[in-house]
Amino acid sequence: MNNTFAQIDHLASAGDSPWHRSSALTKLLLVLTYVTLAVVTPSWGVLVALLVTLIAMCVSARAPLRLMFAAAATPFLFALIFAAAHVSTDWDEPLVLFARPMVASLAAVWLVITTPYPDLFAPIARVTPRLVGDGLFLTYRAFFLLVNRADRMWTALKLRGGLTGRGLPRDFRSAGEGLGQLVIHSYDRSQRLYAIMHIRGHSGRVCGCRHWAEFSAFDLVPVLFGLAALALRFWMEGR
Amino acid sequence: MSHLHIPDGILPPALWIAGLVLTALGLAWSGPAAARGGPRLIAYQSALGGIMLAVMALPVPITAFDYCMTLAGPVGVLLGAAPMFQVSFVVTLILALLGQGGFTVVGLNTLVLGLGAMLARPVYLKSVRGLGPARAVALATATSQLVSTLGWVLVLLLSVRLTPDIAGEHEIARGLVRGIHGVGAAIVLAMLLAAVAIESLLGYGLARFLARVRPDLLPSPSATRGAAPGGPSLHEAHPSGRT
C-alpha cells in the first residue's frame, strides 16, 4: 500500500491531463458536489450516472485500474455489514448502500491523483484550526519518510528470524520492538524538524502554495461537470 | 485489521452531522491545550501521526496473516488527550482524501478513533505504578481499543435505529432478518475483540522496548502532573544532548 501512496503522489505531481491543470479549489468543490449528491439522493439511477462519470474522469486522469478498483472496494466491507444490519425487502436499498460510498471513494481518488498535496491541503488548512492545518502538511510528509523505513524494518525482522511464525508471543514481542524503534526514530526526526522550523523562522503557520485558487480556462471543465451532475439529479428525481 | 473506517452515504444525516459538530467542538477544546506545546509538540504530533498512517497502510507481517493496526493506544499514551484528538482528526482526514473512510463521516471516524485514544494516557498514568510501563501501556491500549470498538458498534446501532426499516412485514422475513443480525453481530464482535487483543499485545511489546531503550519518552505520573501535554521529554533537552 505504500506503493499506492507513492503512486498517488507521483500521479498528482507529474500528470498533465486537463484535470491536473484545473485549480484545487474548483476540483474540491466538484468533489463536494458529487459526495453531497451521492449522500442525499435516494435514486440508484443518479448514483449509477455519477459512478459512470467518475470512472470516465478517473480514466481520463490516467488513474491505474488497480487503484480505481481498490478505491471502489474499500468501503465494501462496512457497506456489507450495514446492509446486513439493515436488511430490508426493498431490492434497490442495498444497491444504494453500496453505490454511495463507491461514488465518494472514487471522487476522493480522482481528487488526490489530479492535485498535488500542497495545493490540496492549502484550502483545507484555511478552514481548519491552525494547528490542524499545520498537522496536515507535516503528517503527510512524515508518513512518506516513515513508511519506507517501516517496510524495510519488517523485511529485516523477517530475514533475521524475528517474525518466524513459530510462536505468537515471540512474534508480537518482536513486532512491538520494531514499532518501538519506529517511535524512537520518529521522535528524533521530530526534534530535527523542530530545529529546522526554528532555523527557517517558523511564524506559527505552515504555508501551502498559493496555486490552489489560481483559475484558468481548464476550470470550466469541473464546473461544467458539477452543473451537469446537479441538472441530472433534478431531472431524474423530478420525473 | 483493528480499524474499519465508516464510508460516506451509509449513515443517516442526523448522525454524521452530529459527529461533525462534536468533532468541531473537540478541535476547539484541544486547540489551546495543544498550542501550549508549541512547534516542538506540533512536530512530535505530526511524526506520530505519520507512524499511525504508516502502520495503518503497511500490514505487520505476523505469522500467516498480515495485520493492519492503528497504534492509537500507544500514541495516545505518548501524546496525551488533546494532541491525540488533533492527530486523530488529521489522520482521518488524510485517509478520507485517499478514499479510505468518507468526507461526511470525518467527524464520526475521528470520534471513534480519537475518544478511545484520549483515554489511553489517563489509564496509563493510573496503572503504571502498579503494573509497570509495558503492562500499563497494554492496559491503556486495550481500554482505548475497547472504547473505540464500543463507539463503532454504537454508531452502527444508532444508524440502524435512525433509518426507517421496512423489514418484518412478514413473519418469515422477520426471522431471516433476525438470523442475519445474529450471525453478523457474532462475526463482527469476534473480529473486533481479536483486534483488541492483538493491538494490546503489540502495545506491550512497544512499551517494553521503550522502557528499556528510551524511558524518557514514556510519561511518568509525577512529571506529567501540571505539565503541558506531550510528556516531559518535549519540554526539556534530552540528556544525551539530542534535540
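Chains as they are written, first to last, in this note's numbering: chain V, 1 to 239; chain W, 240 to 482.
Backbone N, C-alpha and C define an ideal beta-carbon position, used for all residues, glycine too.
- Close partners of residue 262 of chain W in chain V (Cβ separation under 8 Å) are lacking, with about 11 Å as the shortest Cβ gap.
- Contact annotation: in the segment 257–281 of chain W, residues whose CB is within less than 8 Å of a CB in chain V are 266, 267, 270, 273, 274, 278, 279 and 281.
- Of W:347, W:428, W:435 and W:273, the smallest CA-CA separation from residue 253 of chain W is found for W:347.
- Within the segment 432–464 of chain W, the residues whose Cβ lies closer than 8 Å to some Cβ of chain V are 437, 440, 441, 442, 443, 444, 445, 446, 447, 448, 449, 452, 453 and 456, listed in chain order.
- Across the set V:119, V:93, V:19 and V:151, the C-alpha of V:93 shows the shortest separation from the C-alpha of residue 249 of chain W.
- With respect to residue 438 of chain W, residue 312 of chain W sits close: the two C-beta atoms are nearer than 8 Å.
- By alpha-carbon distance to residue 227 of chain V, the top candidate from V:108, V:13 and V:27 is V:27.
- Under the Cβ distance rule, residue 371 of chain W does not count among the residues neighbouring chain V, no pair being separated by less than 8 Å.
- In chain order, 247 and 255 place their CB closer than 7 Å to the CB of residue 343 of chain W, counting only its own chain and leaving out the 5 sequence neighbours on each side.
- Less than 8 Å separates the beta-carbon of residue 75 of chain V from that of residue 101 of chain V.
- Residue 395 of chain W is classed as buried because its beta carbon has at least 16 other beta carbons within 10 Å across all chains shown.
- Along the length of the segment 244–284 of chain W, whole alpha helix (DSSP H) runs at least 4 residues long occupy 252–274, reported in chain order.
- Within 9 Å of the CB of residue 383 of chain W, no CB atom of chain V is found; the nearest one sits about 15 Å away.
- The three-state reading of DSSP puts residue 312 of chain W in helix, counting H, G and I together.
- Not one beta carbon of chain W lies nearer than 8 Å to the beta carbon of residue 34 of chain V.
- A Cβ-Cβ separation of about 6 Å places residue 194 of chain V in contact with residue 278 of chain W under the 8 Å criterion.
- Within the same chain, 189 come within 8 Å of residue 145 of chain V by CB-CB distance, once the 5 residues on both sides are set aside.
- In this chain, the alpha helix (DSSP H) harbouring residue 120 of chain V covers 117–127.
- Residue-level contact by beta carbon fails for residue 152 of chain V and chain W, as no gap is shorter than 8 Å.
- Around the beta carbon of residue 333 of chain W, 16 or more other beta carbons sit within 10 angstroms, so the residue counts as buried.
- Its chain contains 44 as the residues whose beta carbon lies nearer than 6 Å to that of residue 95 of chain V, once the 5 sequence neighbours on both sides are disregarded; these appear in chain order.
- With a threshold of 8 Å between beta carbons, residue 337 of chain W makes contact with chain V.
- Where residue 18 of chain V is concerned, the enclosing alpha helix (DSSP H) starts and stops at 18–21.
- Relative to the Cα of residue 377 of chain W, the nearest Cα in the group W:390, W:436, W:274 and W:339 belongs to W:436.
- With its beta carbon at least 8 Å from every one in chain V, residue 387 of chain W lies outside the interface.
- Along the segment 114–142 of chain V, the positions whose C-beta sits under 9 Å from a C-beta of chain W are 117, 120, 121, 124, 128, 129, 130, 131, 132, 134, 135, 136, 137, 138, 139, 140, 141 and 142, read in chain order.
- Distances from the alpha-carbon of residue 103 of chain V to those of V:72, V:78 and V:6 put V:72 closest.
- For residue 180 of chain V, the nearest beta carbon of chain W is closer than 8 Å to its own beta carbon.
- If only complete runs of 4 or more residues are kept, the segment 40–111 of chain V shows the alpha helix (DSSP H) at 44–60, 65–73 and 76–85, in order along the chain.
- For residue 74 of chain V, the neighbours in chain W by C-beta distance under 7 Å run, in chain order, 338 and 339.
- When Cβ-Cβ separations below 8 Å define contact, residue 160 of chain V makes no contact with chain W.
- Under a 10 Å Cβ-count criterion, residue 245 of chain W is classified as buried, with 16 or more other Cβ atoms of the shown protein chains found around its own Cβ.
- Against residue 78 of chain V, the close residues of chain W are 243, 244, 245, 246 and 249, in the order they occur along the chain (beta-carbon pairs closer than 8 Å).
- Residue 229 of chain V is positioned such that its CB atom lies closer than 8 Å to that of residue 50 of chain V.
- In terms of Cβ geometry, residue 114 of chain V and residue 20 of chain V form a close pair [threshold 8 Å].
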